[in-house]
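Participant:
Numbering (the working numbering), first residue to last: 189 to 486.
1) If we count Cβ pairs, one from each stretch, closer than 8 Å, do we get three or more for the segment 236–245 versus the segment 431–438?
2) Given a cut-off of 8 Å on the beta-carbon distance, is the pair residue 281 and residue 258 in contact?
3) What did DSSP end up calling residue 391 once you bin it into helix, strand or coil?
4) Where does residue 316 fall in DSSP's three states?
5) State the Cα-Cα distance for the pair residue 478 and residue 378, rounded to the nearest angstrom.
6) Using the Cα positions of residue 387 and residue 312, report the straight-line distance between them to the nearest angstrom.
7) Quick one: using the 10 Å Cβ neighbour count with 16 as the cut-off for buried, is residue 473 buried or exposed?
8) Under the DSSP definition of a beta bridge, which residues are partnered with residue 396?
9) Going by CA-CA distance only, name the one from 428, 405, 395, 445 that's closest to residue 417.
10) Excluding the 5 residues preceding and the 5 following residue 290 in the sequence, name in chain order all residues of the same chain whose CB lies nearer than 6 Å to its CB.
11) For residue 459, does the three-state DSSP call read helix, strand or coil?
12) Note the first and the last residue of the continuous beta strand (DSSP E) segment covering residue 259.
13) List the endpoints of the continuous alpha helix (DSSP H) containing residue 279.
14) Tell me residue 311's beta-bridge partners as DSSP assigns them.
15) Under a three-way DSSP split, which group does residue 238 fall into?
16) Determine the closest residue to residue 251 out of 400, 328, 367, with distance taken between C-alpha atoms.
17) Residue 326: which of 266, 425, 305, 406 sits nearest, CA to CA?
18) If you reduce the DSSP assignment to three classes, tell me which class residue 367 lands in.
19) Determine the DSSP secondary structure at residue 229, reduced to helix, strand or coil.
20) Does any residue of chain C bring its CB to less than 8 Å from the CB of residue 223?
21) Terminal residues of the continuous beta strand (DSSP E) containing residue 412?
22) Cα separation between residue 267 and residue 404?
23) Which word fits residue 352, buried or exposed, when buried means at least 16 other C-beta atoms lie within 10 angstroms of its C-beta?
24) In angstroms with no decimal places, state the Cα-to-Cα distance between residue 476 and residue 337.
Right, dumping it as structure tokens:
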């Protein structure tokens, strides 16, 4: 397993709201400890996190977001060159990140990954971000058994197993948070995405069940469901201008999302500020999933 230990990054990068000095008068009657509590609510200082697939797109943004709030992060990638490139960049920025070469679709590699995480973080883990996922776009009648199995194993099977492996570490930490990267395809029908949508729908239900099953151990479980986000994973399909216009027409905000707009929500769901939120699947979709009929020409 490839590892590299890097330095701490002290300042948050998220655009999540914080209390400013301009509003200090609103809190003048509060006990002096309220400001300390506010800082605690919006900090991940001293916490540990595992982000799968953290070298590209949404995963990359999540790593930087969590580190910005003070967490120590371990991530993984299949491509060693990509991982080393990111680790070097984070090192220059003084981000406290470590990394492993790992294909999370392979069971024994997941085992090795969690052994590394347990060793690095002394048997405790506060945050698990199940980010890895893939897609095969084709009508359901064209799927082979191998293709179906690949999507099920990569999107759902690996996520399920990662949760099993992480559970003892999350429990040992005393306060745990699991965040799944789902998709709006788990809520609504998207063309040629029936199997991927089925895996995301299953992840959404797993999110809810874990929230109830693990609540006794002070482990929360939530999911974030993006629509089209500007990443390399969707570059090819969105290169079709007509298709892109269709995407815009179905999205009330009339634009694509950015990875940082997903990572900021993921970070919030890991913060003490969200400590009473569990079992929720939150869409980051510019309004797409609630859009019934919104004409663009009227």
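All C-beta atoms in this analysis are idealised placements derived from N, C-alpha and C, irrespective of residue type, glycine included.
Facilitator: Let's see:
1) The answer is no - the segment 431–438 does not touch the segment 236–245, with fewer than three Cβ pairs under 8 Å.
2) Going by C-beta atoms, residue 281 is not nearer than 8 Å to residue 258.
3) It is helical.
4) Three-state DSSP puts residue 316 in a strand.
5) Approximately 14 Å between the Cα atoms of the pair.
6) Their backbone Cα atoms lie some 29 Å apart in a straight line.
7) Result: buried.
8) For residue 396, DSSP assigns no beta-bridge partner whatsoever.
9) Ranking the options by Cα distance to residue 417, first place goes to 445.
10) Taken in chain order, the residues that qualify are 264, 297, 301.
11) The answer is coil: DSSP assigns residue 459 none of H, G, I, E or B.
12) Where residue 259 is concerned, there is no enclosing beta strand (DSSP E), given that its DSSP letter is neither H nor E.
13) Annotation: the continuous alpha helix (DSSP H) that includes residue 279 extends over 268–280.
14) Per DSSP, none; premise fails for residue 311.
15) DSSP places residue 238 in the strand class (E or B) of the three-state scheme.
16) The candidate whose alpha carbon is nearest that of residue 251 is 367.
17) It is 425.
18) DSSP places residue 367 in the strand class (E or B) of the three-state scheme.
19) Assignment of residue 229 by DSSP, reduced to helix, strand and coil, places it in the helix class.
20) The question asks about chain C, but that chain is absent: this structure has only one protein chain.
21) Residues 407–414.
22) When rounded, the distance between both Cα atoms is 38 Å.
23) With fewer than 16 other Cβ atoms within 10 Å, it is exposed.
24) Between residue 476 and residue 337, the C-alpha separation is close to 29 Å.
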